[in-house]
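With numbering that gives the first Met the number 0, the residue at position 84 of the sequence shown is 83, and numbering never jumps.
Here's the structure we're looking at; comments come further down.
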Amino acid sequence: MNDFLKTLIMKKIKSLTVSDLLAYSREYGFNISPDEAKQIVSYLRTQTIDPFNSKQRKKLFKDLAAITDAQTAQKAETLFKTIIKTYGVDHMFS
């Protein structure tokens, strides 16, 4: 089951669109511009980052801070931790 969920999550990350990301930013209280959303989507599609690996996830949030700002990256990381705990999948993220 874990492999199936990991594949599903990775597929969702790679298929995010700018409009999806902007909608999520409004829904979860993030302030990102359309240009930042484009850069984030491009980053997610071109980089091979494993969000299940803590070191690679740390790099992801560091790179997100470079695209947006440190406060936005921190909010994203906090939201990420909350969501994985809420859905009971935090054991999948080392």
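Here a beta-carbon is modelled for each residue, glycine too, at the ideal position from N, C-alpha and C.
Given the structure is predicted, the values throughout are model-derived calculations rather than measurements.
Are the CB atoms of residue j and residue i within a distance shorter than 8 Å?
i	j	result
F92	F60	no
I66	Q38	yes
A72	L78	no
Given a threshold of 16 other Cβ atoms within 10 Å of its Cβ, counted over all protein chains shown, does residue i qualify as buried or as exposed?
i	result
E35	buried
S41	exposed
S14	exposed
S32	exposed
S53	exposed
Do you know whose CA, among the options, lies nearest residue i's CA?
i	options	result
L20	I82, I83, A75 and D89	A75
V17	L7, N1, D2 and R44	R44
K11	D89, D49 and H90	D49
Can you give me the C-alpha to C-alpha distance between residue i and residue j, rounded to a whole angstrom?
i	j	result
K84	I8	15 Å
R56	A22	22 Å
G87	L4	12 Å
K58	Q70	15 Å
D68	N30	10 Å
N1	D89	11 Å
Y27	I82	11 Å
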